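>
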Amino acid sequence: MLNSSEIRARAAKLQAGFEEAGALVVDPPLLQPAGLLLDLYGEDIRARAYVTSDGLRGEQMLRPDFTVPVVQMHMHEGAEPARYTYAGEVFRRQEQDPDRANEYVQVGYEIFDRDNSSAADAEVFALMAKAVSGLNLRAATGDIGILMAAVLGLNTSDRRKAALMRHIWRPRRFRALLDRFSGRTPVPAARQALLSTDGALTGAGPEVGKRSRSEIDERIEALRADATSAVIAENELLALEALMSVRETVPYALEQMRDIAVDLPAISPALNRLETRSAALAARGVDVENLDFEASYGRTSMEYYDGFVFGFYAETRPDLPPIASGGRYDALTRQLGQGAEIPAVGGVLRPDLMLILEEASS
Amino acid sequence: MSLKLGVPSKGRLMEKTFKWFEKRGVTLSRSASDREYAGHVDGVEGVDLVLLSAGEIPRELAAGRIHLGVTGTDLVHEKLPRWEQQVEQIEVMGFGQADLILAVPQSWIDVDTLDDLDAVAAAFRKRHGHRLRIATKYHRLVREFLTDGGVADYQLVDSQGATEGTVKNETAEMVADITSTGETLRANHLKILNAGPVLKSQATLWRSRVAAVSAEEKLALKQMLALLRGEA
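Top line first, the protein sequences correspond to chains Y and E. Just so you know, the first sequence maps onto residues 1301 to 1662 in our numbering. Just so you know, the second sequence maps onto residues 4 to 235 in our numbering.
Pasting the structure below:
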């Protein structure tokens, strides 16, 4: 059994390494106002974070991660460009699996930099790789930005694109929408009945609640318009499906995706970025030739990554969560910045898991 | 020590529970005073009757303070994470049927499926600056159901009673509640969403998997179960 002083000592050592790389130490509070996290993640966060409250400050959460408070702090008072490191406990409520820790230490490194995203991506990945070298981990990488570019480039209405974009992080819902927009699943009977009736439909029964008649009429209008818009073409759909199942080493993945870009030309700029990032990774000594790339990687994580994503896994211990993980979250800074935004990328290490693996191998 | 049987302490649920046991040769009775929550078991030796609020029975089973308990499926599933590991379902009792359902205003003629609900939730949030609120007391079940269905941009607000009224009062846009006939929903101008019930519930007899059982209690349990299952 690990004792917490061992974990703390390792965390301090890892953090010292990040300081050496140029990061400023930050130490956000354990208790975070719940409103902001709820606003970002919705009701799902309640299943994952501990909520508490008092009469004065209302609902608060034991921090489920550092990223949100660090971004907030940076948007509020940070100088640019900036590198931050933090080390401390995070808390995750567990209701399904009693073997998963509900409290553990994370050591993180975050870069806020406008100028060179590829270099920043490579810097974070290389630092994490260096910290876990010797543990014989498998690295997985992905890029949510490619998938987003594919969706935005589809020949379909803005409304349909927005619906798909909203559910990129919920693969099953995404699939269901795609099936509907491509005509693979039939229009439900109730919808058909609604659409086959003309004129104003509201006004029959009493109106209760905050959602007004005009909002309902508006949606019916939009549904009518949607019913007449063309389905997503078969070649685009197949290309999108092929894209989502790409799982190869980086060079082969790039080759496959360049082929797919014939049908989905909108992904080309994102592929160029992947290529630039790969060069930056190689320049930092990462073996890109043998690095795994999965186009759908990161889709089931918390929904703020929108570009490069990565994780390091112990193949001898498939029961363990990733030992290190991270990614790019430009959109999160936009959401928290109230108008301001800055490209940002970061990663976290789990010193407890590192010690477990070292213990097992010695 | 005696085997402890927990049953609902009042109302129709208590009466029906008593009848169900009576039919199987086990007579449950409350003490003479209506105010005192004590009772008696005849028909099996060594069993104590514990009268509890139906909502507390899942917790008492999970804590091992009672060996057997009668309460609704809805309450066990809502209050006990991984309930299969804490309690065993012995018999469904054939009364107290009710569905946990999602209901929206009847005026929402554009909303029939979870797909619709999700789209409306997104639009509502954009328009009103807050998430679409669902009033309920079944937080865990509803959240799991909606997560599974891929619905986002909603928010659960707690409502421990008169839940159907929250829409009219504009403290919620829709509700998730238990209903058996749907009458209260209709009276409040609500309709059930075509998404299947979140859960079908009925009164059920449960056995605690964690309660310690002495040799004596084991014998009583065996006799009791044999009677209830008509094997005695």
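Yeah, the Cβ is synthetic: ideal placement off N, Cα and C, and Gly gets one too. As the structure is a prediction and not an experimental result, all values here were calculated from the model.
Counting only C-beta atoms, is Pro1618(Y) closer than 7 Å to chain E at any point?
At a cut-off of 7 Å between beta carbons, Pro1618(Y) makes no contact with chain E.
> Measure the alpha-carbon distance for Ser1721(Y) versus Ala1439(Y) and round it to whole angstroms.
Residue 1721(Y) is absent from the structure shown; chain Y starts at 1301 and stops at 1662.
> Kindly indicate the opening and closing residues of the alpha helix (DSSP H) around His142(E).
His142 to Asp151
> State yes or no: is the beta carbon of Val1508(Y) nearer than 7 Å to at least one beta carbon in chain E?
Chain E, which has a Cβ nearer than 7 Å to the Cβ of Val1508(Y), makes this yes.
> Determine the burial state of Pro1486(Y): buried for a count of at least 16 other Cβ atoms within 10 Å of its Cβ, exposed for fewer.
exposed
> Answer yes or no: does any C-beta atom of chain E fall closer than 7 Å to that of Ala1334(Y)?
Ala1334(Y) does not count as touching chain E.
> Would you kindly work out how many angstroms separate the C-alpha atoms of Glu1659(Y) and Arg1634(Y), rounded to a whole number?
42 Å
> Would you mind stating whether Arg1363(Y) and Gln1332(Y) have Cβ atoms separated by less than 7 Å?
The answer is yes: Cβ separation under 7 Å.
> Strictly below 8 Å CB to CB, what residues from chain E border Gln1396(Y)?
When 8 Å is used as the limit between beta carbons, Gln1396(Y) is near these residues of chain E: Pro84 and Arg85, in chain order.
> From the DSSP output, in three-state form, read off Met1373(Y) for me.
helix
> So, helix, strand or coil for Ile1642(Y), using DSSP?
Here Ile1642(Y) sits in coil by DSSP.
> Could you please tell me which residues of the stretch 60 to 84 of chain E, in chain order, have their CB closer than 9 Å to any CB of chain Y?
Pro84
> Taking just the CA atoms, how far does Tyr1409(Y) sit from Ala1323(Y)?
7 Å
> Taking a cut of 9 Å between CB atoms, which residues from the stretch 148 to 165 of chain E lie near chain Y?
Leu149, Thr150, Asp151, Gly152, Gly153, Val154, Ala155, Asp156, Tyr157, Gln158 and Leu159
> How many angstroms separate the CA atom of Arg62(E) from the CA atom of Met1373(Y)?
42 Å
> Under 9 Å between beta-carbons, which chain E residues line up against Arg1363(Y)? List them in chain order, please.
Per Cβ cutoff of 9 Å: no residues; Arg1363(Y) is ~21 Å from chain E at best.
> Would a C-beta distance cut-off of 7 Å place Ile1560(Y) and Ala1539(Y) closer than the cut-off?
The beta carbons of Ile1560(Y) and Ala1539(Y) sit closer together than 7 Å.
> How would you label Pro1329(Y), buried or exposed, when you count the other beta carbons within 10 angstroms and need 16 or more for buried?
exposed
> Using a Cβ cut-off of 7 Å (strictly closer), state whether Ala1525(Y) contacts chain E.
no
> For chain Y, check one thing: does any of its Cβ atoms lie closer than 7 Å to the Cβ of Val170(E)?
yes
> At 8 Å on the CB atoms, spell out the chain Y contacts of Glu173(E), in chain order.
The contact set of Glu173(E) on chain Y, defined by CB atoms closer than 8 Å, consists of Gly1509 and Lys1510 in chain order.
> Could you compute how far the alpha carbon of Tyr1384(Y) sits from the alpha carbon of Met1428(Y)?
14 Å
> Looking at the structure shown, is Ala1288(Y) part of a helix, part of a strand, or coil, going by DSSP?
With chain Y represented from 1301 up to 1662, any question about residue 1288(Y) goes unanswered, as that position is not in the structure.
> Using the beta-carbon count (16 or more within 10 Å), is Glu81(E) buried or exposed?
Buried, by the Cβ-count rule.
> Does the Cβ of Glu1343(Y) have 16 or more other Cβ atoms within 10 Å, making it buried, or fewer, making it exposed?
buried
> Hey, Ala1624(Y) and Leu1657(Y): beta-carbon distance below 7 Å or not?
no
> Kindly list, in the order they appear in chain Y, the residues whose Cβ is closer than 9 Å to that of Thr116(E).
By Cβ distance, chain Y contributes Pro1488, Ala1490 and Arg1491.
> Would you check if there are 3 or more beta carbon pairs closer than 8 Å linking the stretch 119 to 133 of chain E to the stretch 151 to 165 of chain E?
yes
> Between which two residues does the beta strand (DSSP E) containing Val123(E) stretch?
Run containing Val123(E): none in the beta strand (DSSP E); it sits in the alpha helix (DSSP H), Leu117 to His131.
> According to DSSP, is Asp156(E) helix, strand or coil?
Residue state, collapsed to three classes: coil.
> Answer yes or no: does any C-beta atom of chain E fall closer than 7 Å to that of Gly1434(Y)?
No, its Cβ sits nowhere closer than 7 Å to a Cβ of chain E.
> Would you mind stating whether Leu188(E) and Ala106(E) have Cβ atoms separated by less than 7 Å?
yes
> Could you confirm whether any beta carbon from chain E is found closer than 7 Å to the beta carbon of Glu1641(Y)?
no
> Label Arg1480(Y) either buried or exposed according to how many other C-beta atoms from any shown protein chain fall within 10 Å of its C-beta, with 16 as the threshold for buried.
With 16 or more Cβ atoms within 10 Å of its Cβ, Arg1480(Y) is classed as buried.
> Start and end of the alpha helix (DSSP H) containing Gly14(E)?
Residues Gly14 to Lys26.
> Among the candidates Gly1598(Y), Thr1352(Y), Asp1421(Y) and Val1326(Y), whose CA atom is the shortest distance from the CA of Glu1377(Y)?
Val1326(Y)
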